[in-house]
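Start counting the sequence shown at 445; every next residue gets the next number (my numbering). One structure below.
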Amino acid sequence: MLLKDLLDNLNYECLRGSVDCTVGAVRNDSRKVEAGDLFICVSGMKKDGHDFIMSVIKKGVRALVVERDIADSASDIFAVHGVTVIKVSCTRYAMAQIAANYYRHPAKELKTIAITGTKGKTTTTYLIKSVLEQAGYKVGLIGTIEIIIGEKHIPAENTTPESLLTQKYLREMADIGIQVVVMETASQGFKLHRTAGIVFDFGIFTNLSPDHIGPGEHEDFAEYLACKRMLFSQCKQGFINVDSEYYPEVIFGHTCEITTYGIENNADLRGSEIELYRENGNLGVHFKVEGLLSFGASVASPGKFSVYNALAAILVCRFFDVPVPVIFKALRNVSVKGRIEMLPVADDFSLMIDYAHNAMSLLSLLKSLKEYQPGRLVCLFGCGGNRDKNRRIKMGEASGKLADLTIITSDNPRDEEPQDIINDIKSGIAKTNGEYVEIIDRSEAIAYALNNGRKGDIIVLAGKGHEDYQEIKGKKYPMDEREIVKKCLNAMQTSS
């Protein structure tokens with residue numbers, strides 16, 4: 445492909461060579477470069493692509509895209525190897541535009557739905573996918589858990605993949621006849637321009653609370669909010685949770701049409717008459733939809749936040765002319781792996797798996813479960829190693845305040861000793877009157893929770909969610925909580 449075609453829609457300066465040259469693949473990983481490729485020098489958290497220029501030249505790279513001046517001492521090497529050098533103000537932004545050009549703008553061949561917010565992104569993507577598929581659409585998904593392209597499921601490394609991967613996935617979807625893609629667009633993804641070059645058909649804002657602030661993420665809450673807001677200058681139709689206290693800030697400077705949804709405030713689509721239900725150990729919500737549509741609905745997951753997620757999904761599917769009976773059926777039956785995932789274990793008590801892995805998400809979850817007035821609320825969790833110790837203390841304090849019993853165990857200890865992590869959690873619980881037990885081995889902790897379940901209990905296994913491994917000393921060992929629960933139930937049945 446001609447380099448000048450890849451640079452379409454970009455402001456750039458050609459420092460050496462010619463943009464009329466032909467390049468092969470587009471790379472930002474020096475290890476994958478082959479002769480004739482275009483290499484984009486991206487500055488990352490740990491490594492800078494500019495430091496690998498000599499290495500990729502030796503591999504026969506045809507052109508480079510840089511964002512800072514290259515040492516004069518390299519001029520002779522560029523000349524000898526005939527390398528074209530393009531300078532831009534931001535190589536990450538340039539990479540996104542180049543990727544869109546390289547893959548022939550696949551987003552234009554799809555209906556694109558982007559979801560941003562602190563919580564609810566993953567669940568809402570699966571709700572929308574479920575409803576649209578029930579209506580006969582072919583739907584792809586890009587999110588925190590996985591990328592789904594037809595029958596292919598690819599484990600996700602980032603909530604929003606790097607732009608080269610995002611465009612590659614979209615091209616694969618378009619080529620196999622997928623009609624709609626629903627994707628999670630994280631604030632970090634906007635900050636790093638991973639979706640630049642895409643104009644989304646629909647953008648959804650779920651909610652906002654302080655998170656992902658610190659080294660390697662966002663400098664402060666203002667930057668976090670500003671990155672979330674970027675979606676509404678990058679989509680045609682915006683669906684906004686009007687109940688969020690940050691609603692005015694989120695829509696500030698928007699260029700899209702706005703439709704609102706909510707429960708507490710006046711909205712274009714509203715949820716009312718919310719009723720929690722508990723049936724044979726399963727938890728869910730009945731509610732009434734009012735405004736742009738009017739019907740009774742149910743979601744097979746607990747809490748008011750489940751209604752918000754459902755309303756966002758309903759609002760999107762309205763634009764696809766999905767019949768109400770189809771929406772009703774899909775919402776009632778959908779289940780998202782690791783997101784308030786109910787496991788059928790007993791009629792007497794309820795068991796669920798959830799990804800809640802910080803104090804904010806754990807508090808929100810436990811408060812919602814308290815509304816079901818359980819006999820006991822039992823919370824099993826651990827904390828990841830090589831992470832902020834203050835997070836452990838806060839999670840311990842959250843569980844100590846709201847859970848009737850906390851079972852402290854291991855999560856992904858990584859390079860730390862599990863007992864040291866547990867001790868940090870205990871220091872948080874010590875600030876409360878909460879009861880707890882500590883069982884380092886997570887499988888044994890889950891067995892303890894099940895063997896000691898009482899009538900009316902709600903037991904939540906928090907922190908791991910969709911993960912099917914445990915990371916210890918740099919190695920990931922297989923560990924799926926669903927399989928652990930099955931083994932525990934089999935053992936209990938055998939012993940009885």
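Where a beta carbon is used, it is the ideal one built from N, C-alpha and C, also for glycine.
Quick one, which of the options has its alpha-carbon nearest residue i's?
{"i": "residue 484", "options": "476, 495, 491 and 470", "result": "470"}
{"i": "residue 643", "options": "678, 672, 789 and 928", "result": "678"}
{"i": "residue 686", "options": "775, 820, 669 and 652", "result": "652"}
{"i": "residue 915", "options": "934, 830 and 897", "result": "830"}
{"i": "residue 548", "options": "613, 585, 459 and 768", "result": "613"}
{"i": "residue 784", "options": "904, 541 and 532", "result": "904"}
{"i": "residue 933", "options": "919, 912 and 894", "result": "894"}
{"i": "residue 591", "options": "616, 578 and 581", "result": "616"}
{"i": "residue 551", "options": "589, 619 and 595", "result": "619"}
{"i": "residue 462", "options": "477, 474, 475 and 446", "result": "446"}
{"i": "residue 717", "options": "577, 608 and 733", "result": "733"}
{"i": "residue 564", "options": "746, 930 and 888", "result": "746"}
{"i": "residue 1005", "options": "666, 704, 668 and 820", "result": "Nothing about residue 1005 can be read from this structure; the chain reaches only from 445 to 940."}
{"i": "residue 496", "options": "478, 611, 479 and 474", "result": "474"}
{"i": "residue 719", "options": "711, 713 and 728", "result": "728"}
{"i": "residue 464", "options": "699, 632, 501 and 451", "result": "451"}
{"i": "residue 725", "options": "664, 868 and 816", "result": "816"}
Quick one: what does DSSP say residue i is sitting in, helix, strand or coil?
{"i": "residue 542", "result": "helix"}
{"i": "residue 841", "result": "helix"}
{"i": "residue 493", "result": "helix"}
{"i": "residue 741", "result": "strand"}
{"i": "residue 599", "result": "strand"}
{"i": "residue 531", "result": "strand"}
{"i": "residue 673", "result": "helix"}
{"i": "residue 445", "result": "coil"}
{"i": "residue 949", "result": "Missing from the structure shown is residue 949; the chain here goes from 445 to 940 and no further."}
{"i": "residue 456", "result": "coil"}
{"i": "residue 726", "result": "strand"}
{"i": "residue 501", "result": "helix"}
{"i": "residue 679", "result": "strand"}
{"i": "residue 863", "result": "helix"}
{"i": "residue 653", "result": "coil"}
{"i": "residue 885", "result": "coil"}
{"i": "residue 450", "result": "helix"}
{"i": "residue 771", "result": "helix"}
{"i": "residue 904", "result": "strand"}
{"i": "residue 789", "result": "coil"}
{"i": "residue 868", "result": "helix"}
{"i": "residue 583", "result": "strand"}
{"i": "residue 642", "result": "coil"}
{"i": "residue 784", "result": "coil"}
{"i": "residue 613", "result": "helix"}
{"i": "residue 667", "result": "helix"}
Under the assumption that residue i contacts residue j (Cβ atoms under 8 angstroms), give the Cβ distance between them as a whole number of angstroms.
{"i": "residue 925", "j": "residue 890", "result": "7 angstroms"}
{"i": "residue 782", "j": "residue 910", "result": "3 angstroms"}
{"i": "residue 748", "j": "residue 812", "result": "7 angstroms"}
{"i": "residue 508", "j": "residue 530", "result": "7 angstroms"}
{"i": "residue 945", "j": "residue 848", "result": "Not covered by the structure: residue 945. The range shown for the chain is 445 to 940."}
{"i": "residue 907", "j": "residue 825", "result": "5 angstroms"}
{"i": "residue 573", "j": "residue 585", "result": "5 angstroms"}
{"i": "residue 886", "j": "residue 923", "result": "7 angstroms"}
{"i": "residue 851", "j": "residue 827", "result": "Actually they are not in contact, since the Cβ atoms of residue 851 and residue 827 sit about 13 angstroms apart, beyond 8 angstroms."}
Would you list the residues sitting across from residue i in a DSSP beta bridge?
{"i": "residue 934", "result": "According to DSSP, which records beta bridges pairwise, residue 934 is partnered with nothing at all."}
{"i": "residue 569", "result": "Answer is none; residue 569 lacks a bridge partner."}
{"i": "residue 623", "result": "Note: residue 623 sits in no beta bridge, so no partner."}
{"i": "residue 555", "result": "624"}
{"i": "residue 732", "result": "716 and 740"}
{"i": "residue 484", "result": "509"}
{"i": "residue 469", "result": "Answer by DSSP bridge pairing: none, since residue 469 is not bridged."}
{"i": "residue 704", "result": "684"}
{"i": "residue 858", "result": "916"}
{"i": "residue 647", "result": "558 and 682"}
{"i": "residue 815", "result": "DSSP output for residue 815 lists no bridge partner at all."}
{"i": "residue 824", "result": "851 and 905"}
{"i": "residue 798", "result": "906"}
{"i": "residue 879", "result": "849"}
{"i": "residue 691", "result": "The partner list for residue 691 (beta bridge, DSSP) is empty, contrary to what the question assumes."}
Query raised in the report: Are the stretch 633-647 and the stretch 550-561 touching by the rule of at least three beta carbon pairs closer than 8 angstroms?
Result: yes
Query raised in the report: With contact counted as at least three CB pairs below 8 angstroms, one residue from each stretch, are the stretch 757-768 and the stretch 732-740 in contact?
Result: Taking 8 angstroms as the limit for Cβ pairs, the verdict is that the stretch 732-740 does touch the stretch 757-768.
Report task. Determine contact between the stretch 522-534 and the stretch 615-633, defined as no fewer than three beta-carbon pairs at a distance below 8 angstroms. Result -> no
Query raised in the report: Is there contact between the stretch 484-502 and the stretch 462-469, where contact requires at least three CB pairs shorter than 8 angstroms?
Result: no
Query raised in the report: Using 8 angstroms as the Cβ pair cut-off and three pairs as the minimum, do the stretch 665-677 and the stretch 785-798 touch?
Result: No, because fewer than three Cβ pairs between the stretch 665-677 and the stretch 785-798 fall closer than 8 angstroms, the two stretches do not touch.
Query raised in the report: Between the stretch 836-851 and the stretch 867-875, do three or more beta carbon pairs fall short of 8 angstroms?
Result: yes
Query raised in the report: Counting pairs of Cβ atoms below 8 angstroms between the stretch 790-808 and the stretch 841-851, do you hit three or more?
Result: yes
Query raised in the report: If you pair each beta-carbon of the stretch 630-641 with each one of the stretch 530-543, do three or more pairs fall below 8 angstroms?
Result: yes
Query raised in the report: Does the stretch 766-783 come close enough to the stretch 739-748 to have 3 or more Cβ pairs within less than 8 angstroms?
Result: yes
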